[in-house]
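Taking our numbering, the leading residue of the sequence shown gets 360, the next gets one more, and so forth. Note that CB positions come from ideal geometry on N, CA and C, so glycine has one too. Here's the structure, in structure tokens; my notes come after.
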Amino acid sequence: MKVYTKTGDKGETSLIGGTRVVKFDDQIETYGTLDELNSFIGAIRDYKVDKETEKTIIDIQNIIMNCSSLIAADDDFDVSKLPQVTKENIEFLENEIDKIDNDLPQLTSFILPGGSSVVTACHISRTVCRRAERQALYLSVNKEVNPLILKYLNRLSDYLFVLARK
């Protein structure tokens, strides 16, 4: 199988299910931003993070891939065939946030992003995550979007914030 298909040369691409759309379609913009988010989160792993954080980040990256595939499906595709985002995924993030937050000093002011390369990578990931959440919400105005995706992205930006503080 070749990497290039030449089917997108005129500015269109296919959703999962085969529907052709322009490359700036809201679905494409949303899962494209999720792809960008996944790449930035992957960069966090390139720094010397502890093994537990590394495992959590890999789990998160897999869930983002699930979000992307669900967003990329056309209206006629049976999304039950795809990996899902679950309440357990959200609860996992909440537990991770609580574990990290319990060991941090109480916030008394706003935090400026930066301080080290890994902290900056967390903050960049957090801001891209918030954009992905906004785009998914915007998409949900005209297309059904699993509300668990929106919740997951909301929690993920919180996780990335506390991870940056850690």
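Cα-Cα separation between LEU519 and SER499, rounded to whole angstroms: For the purposes of this step, residue 519 is identified with residue 160 of the sequence shown, where counting begins at 1. For the purposes of this step, residue 499 is identified with residue 140 of the sequence shown, where counting begins at 1. In a straight line, the C-alpha of LEU519 is about 24 Å away from that of SER499.
Selected residue, minimal CA-CA separation from SER475, among SER398, GLN386, LYS525 and MET424: For the purposes of this step, residue 475 is identified with residue 116 of the sequence shown, where counting begins at 1. Among SER398, GLN386, LYS525 and MET424, the Cα nearest to that of SER475 is on LYS525.
Local Cβ density within 10 Å of THR467, reported as buried at 16 or more and exposed below that: If you number the sequence shown from 1, residue 467 lands on position 108. Exposed is the call here.
3 or more residues per run - each beta strand (DSSP E) lying fully within the region 365-404: 371-373 and 379-381
Validate contact between the region 496-513 and the region 438-445 using beta carbons, cut 8 Å, 3 pairs: yes
Distance between ASP405 and LEU515 (C-alpha atoms, nearest Å): Position 156 of the sequence shown holds residue 515. Position 46 of the sequence shown holds residue 405. Spanning the two alpha carbons is a distance of roughly 19 Å.
First and last residue of the uninterrupted alpha helix (DSSP H) at PHE436: Numbered from 1 along the sequence shown, position 77 holds the residue referred to as residue 436. First-last for PHE436: undefined, no H or E at that position.
Chain-order list of residues whose beta-carbon lies under 7 Å from that of ILE403 (same chain, five-residue window excluded): Your numbering for residue 403 matches position 44 in the sequence shown. So the qualifying residues of the chain are ILE416, VAL477, ALA480, CYS481 and SER484.
Rounded distance between the beta-carbons of VAL521 and PRO456, thought under 8 Å: Working through the sequence shown from its first residue, we reach residue 456 at position 97. Working through the sequence shown from its first residue, we reach residue 521 at position 162. The question names Pro, yet the displayed sequence has Ile at residue 456. So it is a contact: roughly 5 Å between Cβ atoms.
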